[in-house]
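Listed below in structure tokens is the structure:
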């Protein structure tokens with residue numbers, strides 16, 4: 002089979018700039034990442050400056066934009082497409098790594114992949130086969146995100162346009178889309194694309210809670226429970242991309258080792274969390290290995306929580322997050338074992 006090579010030209014950057022201006026000037030109503038992504042792409046279609054400046058594919062069985070291309074195969078047979086790349090937005094429902102790998106092979110590992118699977122019934126966490134998040138984390142062509150709200154989705158799509166199409170980074174950006182109503186978040190758009198930003202918290206937190214995607218709502222609720230029920234001061238961080246944080250931290254570590262004669266660089270993860278020693282509880286709706294990527298780069302007691310953390314039939318939510326945070330504090334001597342037993346009874350976790 003021939004290999005698709007998309008040629009980046011000056012028109013690629015001009016098209017991306019037009020799309021980026023449209024995205025950045027679109028005022029979003031509070032909503033889910035899925036609703037935001039659909040609305041933003043529709044805005045691009047209607048904006049006279051961005052219309053015709055991007056490729057749009059929707060391979061879902063029931064696309065919400067009828068009449069769109071349903072695969073990337075036409076790119077293979079179009080000399081004009083091969084020789085003059087445009088930003089690509091690709092809506093899909095890929096529940097397995099095999100399907101996503103086939104899809105990205107068609108697009109030459111390019112584009113902004115918008116995976117609309119979380120709202121579908123599934124026996125798998127977040128609608129994804131367990132190998133899918135592993136493939137995303139291990140695939141260096143892929144920059145994966147799990148946005149919690151529409152504002153994060155907008156920030157990530159804009160950041161991807163800038164980095165992949167204006168600056169010419171190789172690879173593709175991936176977003177998983179949920180459709181649950183979101184809490185109103187004060188989104189730091191720049192740092193959301195870098196992987197994490199601070200949502201709220203005490204000036205002297207006793208524990209730090211990290212969350213991503215739909216699970217961030219449960220993390221915020223757990224922070225309120227810790228404050229109200231236990232008098233524990235929390236700091237909450239939204240982490241749309243644990244993988245990006247871990248990769249950058251590892252890259253900074255390698256650079257510092259190889260350039261000891263220069264001033265040490267600092268990763269975004271380290272700049273956010275520092276070396277205070279405050280326990281960190283990081284939560285994902287995927288299996289826990291996604292957040293465990295951070296463990297080697299966090300200078301504090303670290304606990305990873307994921308869909309596979311608990312016993313079968315136990316759903317990860319605010320009560321378990323609260324209890325695990327109390328466990329982390331008990332290991333530091335902040336709370337006692339009697340408090341842990343009381344928490345088990347109070348939340349019906351025993």
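Residue numbers (this note's numbering): 2 to 351. Glycine included, each C-beta is placed from N, C-alpha and C at the ideal position. The structure presented is a predicted model; accordingly, all values stated were derived computationally and were not measured.
In the structure shown, residue 90 adopts extended strand secondary structure according to DSSP, grouped into three states. Judged by beta-carbon spacing, residue 166 lies beyond the 8 Å limit of residue 144, meaning their Cβ atoms are not closer than that value. In this structure, residue 292 and residue 274 do not form a Cβ contact; the two beta carbons are roughly 13 Å apart against a cut-off of 8 Å. Residue 234 is positioned such that its CB atom lies closer than 8 Å to that of residue 206.
In the structure shown, residue 165 falls within a helical segment according to DSSP collapsed to helix, strand and coil. The Cβ atoms of residue 199 and residue 153 do not sit closer than 8 Å to each other. Taking C-beta separations shorter than 7 Å and ignoring five residues to either side along the sequence, the partners of residue 329 in its chain run 208, 280, 282, 302 and 304, following chain order. Contact between the region 246 to 257 and the region 76 to 95 is not established, with fewer than three Cβ pairs separated by less than 8 Å.
In the structure shown, residue 271 adopts helical secondary structure according to DSSP, grouped into three states.
One alpha carbon belongs to residue 203, the other to residue 82, and they sit about 52 Å apart.
Distance from residue 31 to residue 148 at the Cβ level is roughly 13 Å; contact not present, criterion being Cβ atoms closer than 8 Å.
A residue is called buried when at least 16 other Cβ atoms come within 10 angstroms of its Cβ; residue 103 does not meet this threshold and is exposed.
Residue 238: member of the beta strand (DSSP E) spanning 235 to 239, first to last residue.
With a cutoff of 8 Å on beta-carbon distance, residue 146 and residue 115 are scored as not near each other. Judged by beta-carbon spacing, residue 173 lies beyond the 8 Å limit of residue 87, meaning their Cβ atoms are not closer than that value.
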